[in-house]
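Under the UniProt record's numbering, the first residue of the sequence shown carries the number 1, and numbering increases by one thereafter. Worksheet: the structure to be examined is printed underneath.
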Amino acid sequence: VIRINTKKRTKDGFGFETRTFGKNDENSRIGGYEQLNINYQKKGLETFTVLKIKDAESSIKQDLVQNTYVDNVWHQRNDIKGSIRNRQLYCGLGVNYQISNNSFIGASFNFNRMFNKAVSNIATTIYKDYAFTEESASDIAKPGNMSLASSNVYYMGKIGIVDINFNTDWLWDKDFSKVNTLERYQEYGGDWQDKAVHTKTNTKNELF
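Next up, the structure:
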């Protein structure tokens with residue numbers, strides 16, 4: 001629910017605000033966003049617009065070691081490397097109107113579109129009693145996108161002596177993701193065995 005009640009400005013008109021953010025991490029991954037806010041007011045009317053574009057990338061690097069002591073000593077090492085890229089396009093629109101000193105009405109609409117892609121590589125080596133037993137490697141690619149839209153209409157005020165606070169919302173989202181995995185496995189003294197796994201997920205939700 002978005003409801004904005006502001007004190008009346010001394011002068012009506014347009015207001016503009018811009019924001020810029022950027023970063024560069026230790027692995028030379030660059031990201032940032034640009035945002036533009038536009039506001040307009042005249043008498044009891046207020047409108048607002050928000051536009052945002054974001055592009056961010058991050059990296060993952062982990063080395064995990066696990067030792068298990070049972071009848072034998074098992075040593076497992078996992079080397080994980082990967083990167084994630086997220087892109088976003090956002091737009092928000094809204095209007096508020098002051099009917100009287102005690103009555104307000106307004107509406108808003110928001111749309112959010114996000115794209116992401118994750119790529120990772122997992123290399124695993126297993127030793128039994130400190131002797132090499134097997135190794136495996138997995139290459140994983142996970143692209144996806146999501147769309148989210150929402151709206152709100154409200155009225156707050158009085159009709160006669162009756163206080164009214166009315167809100168109605170609408171929400172819609174759609175999410176698609178795909179995972180492509182290539183697994184390679186080899187036991188000591190054996191040949192590499194390859195296996196490809198592909199999955200898709202598509203969900204849609206709507207709420208009134």
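Ideal Cβ placement from N, Cα and C applies to all residues, glycine included. Note that the structure is predicted; figures quoted are calculated from it, not measured.
Is residue i helix, strand or coil when you go by DSSP?
i, result
"residue 161", "coil"
"residue 74", "strand"
"residue 92", "strand"
"residue 208", "coil"
"residue 24", "strand"
"residue 121", "strand"
"residue 175", "strand"
"residue 63", "strand"
"residue 15", "strand"
"residue 190", "coil"
"residue 184", "strand"
Between the alpha carbons of residue i and residue j, how many angstroms are there, rounded?
i, j, result
"residue 138", "residue 183", "4 angstroms"
"residue 112", "residue 89", "6 angstroms"
"residue 108", "residue 85", "29 angstroms"
"residue 57", "residue 32", "9 angstroms"
"residue 73", "residue 129", "5 angstroms"
"residue 70", "residue 140", "32 angstroms"
"residue 179", "residue 59", "18 angstroms"
"residue 34", "residue 17", "11 angstroms"
"residue 181", "residue 114", "23 angstroms"
"residue 53", "residue 37", "12 angstroms"
Go through its chain and collect everything with a Cβ distance to residue i's Cβ below 8 angstroms, but skip five positions before and after it.
i, result
"residue 133", "126, 127, 187 and 188"
With distances taken between CB atoms, is the gap from residue i to residue j smaller than 8 angstroms?
i, j, result
"residue 63", "residue 87", "no"
"residue 91", "residue 148", "no"
"residue 79", "residue 118", "no"
"residue 156", "residue 175", "no"
Answer with buried or exposed for residue i, where buried requires no fewer than 16 other C-beta atoms within 10 angstroms of its C-beta.
i, result
"residue 210", "This structure cannot settle anything about residue 210, because the visible part of the chain is limited to 1 through 208."
"residue 46", "buried"
"residue 102", "exposed"
"residue 121", "exposed"
"residue 94", "buried"
"residue 202", "exposed"
"residue 190", "exposed"
"residue 106", "buried"
"residue 67", "exposed"
"residue 96", "buried"
So, for residue i: in the same chain, excluding its five sequence neighbours on each side, which residues have a beta-carbon less than 7 angstroms away from its beta-carbon?
i, result
"residue 98", "44 and 104"
"residue 15", "39"
"residue 166", "154 and 155"
In chain order, what residues of the same chain have a beta carbon less than 6 angstroms from the beta carbon of residue i, not counting five sequence neighbours either side?
i, result
"residue 244", "The structure shown has nothing for residue 244, since the chain only spans 1 to 208."
"residue 168", "153"
"residue 195", "183"
"residue 22", "32"
"residue 61", "81"
"residue 193", "185"
"residue 30", "24"
Does residue i come within less than 8 angstroms of chain D when only Cβ atoms are used?
i, result
"residue 154", "In the displayed structure, chain D is absent; only one protein chain is listed."
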